[in-house]
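Below: one structure, written as structure tokens.
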Amino acid sequence: MVVTAAQPGHLFNTGQPMELAVRLTNPGPAERVAITTRISSSLGCPVYLDMVGVSLPEKGARTETIRFDDARRLPRGPYRVDVVIEGDNAIGYGYTLLNVWDGPATNLNGAFGISYAGPLNAPRTISDLDLFTQAGIGWLRFPLRGWLPQGGNAVPREADIYKQFIGQAKERGFSLMTAFTPTTTVDPSVDMDRANKDYQESLLAAATYFGPQIPYWELLPVKPNPLFPELRGFRAPELLKGREALRTFNKHLICITSLEAPFQATAMDYAAVGLPPKGDLLGITYNFIGLPETREANPKPPLVELPTITQTCQTLLKRTPPTWITEYGFDPAKADRLPSATHQGALMARAFILNRANNIERTFWRHNPANQFDLPLTNSDGSVNPSFLAMRTTLEMLEGTSLVREVPGPDGMHAYLFGKGDLSSKGRKRGKARYLLVMWTSRMPTAATITSEATHISMTDLWGNTVEFDPVDGVILSTIDEFPRFFDLGKSEKAELINPFAHMTPSRVVLQPNGENKFIFNMVNDPRVFRNNHVFEIHFRRWPNTEEVKTYKAPFNYQYDRYDRIFPLTIPDEARRGQVYEVTADIKVAARRVGMLTLPVWYTPEAK
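If you read the sequence shown in this note's numbering, its first letter stands for residue 1, the second for the next number, and so on.
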């Protein structure tokens, strides 16, 4: 059984009905079977369930169309489709992923790129490039191996593959850089002159052929064969000579020298010989494990090592070159720690936001479509992973921004204020600057009160859903979890975090057949939050059943007041292990939304 969608990437626009094709192959006699289709959110919350009967031909195939008209009501985000067939003799299962989104990005973000690690001539490569442009990805990095000219101007067969890939990429508007490795006949420890000659000839052969199309060349070190410990490989001195030959050939080409772990030692080796020279770039390649904010990882993340790398460059080079992370990804060797598909998107977005906040000019995410442990953005069945939608939103929100400052918050919470437009003092006074607050937590979900001078704040979640706030007394409230949220503050630069004036306890509820299935809603006010008396309306909804609304009123005295209420929770019929629904609390004052809280509700059946 194969489940596919005609939409490229299985991407459906908001309000568009979903149509899926299920191809069934029957190797046995004719039979009538039942097809059960279940669509759920990325965390398992069911949004659609249907069953139909179909007849399978004897030793034949049939394609059945599944149309989901109610998809118009689905919010933006990733979803999973599971299809099960059952008959007297036949049984089968298939699944795919789909996403609801706003459509392709209108601009390509120049701060983010893909390090394409898969085959450049695979059938899916072109479709991958098309999807990258739709996500707003502006750069491509790809591997290129040089060759030694033999018999004059001999060009290997692989050059045609490079040429076609470059042509397809340029046609789609990508900016290009190549990760270059040479073809050599000897190690420098055996014959240094011959090794340097081979390296330079191999590099110049490729640059002659592709130099006009590729302005950025990353010169990668070549590690020796570990079976021969006496060999040294191609390191900083050979890379410097290669760089000199490349710039002599074409002074407009820009070289990138990239650091690998251990970063500090490699930086010292490079800087000792003058790499990277003025006008060139410093690159970093890194595989993170777990959370991108983890400072205790081994090797340490680039942002933890960046201050020491910068100090090394200042000491030995007397300057700090522009820094790119030329290959960033999850360590495939740590497959046992592989996060879920939905959390992969959150980790990727957080890694990019952290890089932008630390003056990393450009980040390239490693994409190997043939290895699921590389966290690729696309799948072999043509669908995209949740990380695709996460980066689509993140790139759009951060387009043209730069860090203004880090906003202090509780332990484990990350908050950064970005700005765009004219951020000078004159620009701020003239109202030509706009500000964006980006927040998430690396711990359990919580709530945060944001104080700002903005008269209207728009919050966009990682999947592109927008919630509008109208601050009261300069205050709004929002749930903060592991998925970044983007708060558009307009022209207001002020943004501070204080303790939440409302929250739901616990932050996640796990329902059990004989458990205490409930949550507590608390609101507390003091003069630091609201400066006037207000009557709050709290509207509770349960997604995906959003039609049922329960409303409660809570009058508050500005000096001090509190409101507490216990709400029982029910287990849905035919509930399965996983998330079953989400409770939202929409907090308003005279029709002005000042807060939005969400509470995920999970179900765990009783152990037998």
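Beta carbons: idealized from backbone N, C-alpha and C, even for Gly.
Within the stretch 158-207, the complete beta strand (DSSP E) segments of 3 residues or longer fall at 175-181, listed in chain order. Collapsing the DSSP output to three states places GLU396 in a helix.
In this structure GLU496 is exposed. Its beta-carbon is surrounded by fewer than 16 other beta-carbon atoms within 10 angstroms. Sequence-distant partners of PRO156 (beyond 5 residues in either direction) whose C-beta falls short of 6 angstroms from its own C-beta, in its chain, are TRP147. In the DSSP assignment, CYS255 falls within the beta strand (DSSP E) that extends over 254-259. The C-beta of VAL190 has fewer than 16 other C-beta atoms within 10 Å across all chains shown, which makes the residue exposed. Counting only the Cα atoms, ASN385 lies some 18 angstroms from GLU482.
Judged by DSSP in its simplified three-state form, LYS300 adopts coil rather than helix or strand. Proximity to MET391 across ARG356, ASN250, GLY136 and LEU303 peaks at GLY136, based on C-alpha coordinates.
Secondary structure within the stretch 368-452: the alpha helix (DSSP H) runs of 4 or more consecutive residues, fully enclosed, are 386-398 and 425-429 (chain order). The Cβ neighbour count for GLY595, taken over all protein chains shown within 10 Å, is at least 16; the residue is labelled buried.
Its chain contains THR449 as the residues whose beta carbon lies nearer than 6 angstroms to that of ILE498, once the 5 sequence neighbours on both sides are disregarded; these appear in chain order. Taking all protein chains shown into account, LYS241 has 16 or more neighbouring C-beta atoms within 10 Å of its C-beta and is therefore buried.
In this structure VAL52 is exposed. Its beta-carbon is surrounded by fewer than 16 other beta-carbon atoms within 10 angstroms. In the DSSP assignment, TYR79 forms a beta bridge with SER41 and LEU98.
Only residues of its own chain outside the window of five on either side were considered, and among them ALA433 have a CB closer than 6 angstroms to the CB of LEU423, listed in chain order. Inclusion of LEU24 and LEU49 in the CB contact set at 8 angstroms is not warranted, their separation being larger than that value. Ranked by Cα distance from PHE263, the options LEU306, PRO226, GLY233 and LEU569 are led by LEU306. Of the candidates PRO605, ASP331 and ALA30, the residue whose Cα lies closest to the Cα of ASN514 is PRO605.
Using a Cβ-Cβ distance cut-off of 8 angstroms, the stretch 424-443 and the stretch 170-178 are not in contact, since fewer than three pairs of beta carbons, one from each stretch, lie closer than that value. ARG243 sits buried, since 16 or more C-beta atoms from the chains shown fall within 10 Å of its C-beta. When rounded, the separation of the alpha-carbon atoms in ARG235 and PRO299 is 20 angstroms. Note on geometry: alpha-carbon atoms of PRO123 and GLY103 lie some 24 angstroms from one another.
Counting along the chain, GLN264 sits inside the alpha helix (DSSP H) bounded by residues 263-272.
The alpha-carbon separation between ILE587 and PHE364 amounts to approximately 40 angstroms. Straight across, the Cα-Cα distance linking GLY110 with PRO46 is about 37 angstroms. Within the same chain, and ignoring the five residues on either side of GLY412 in sequence, the residues whose Cβ sits closer than 6 angstroms to its Cβ are THR441, SER442 and ARG443.
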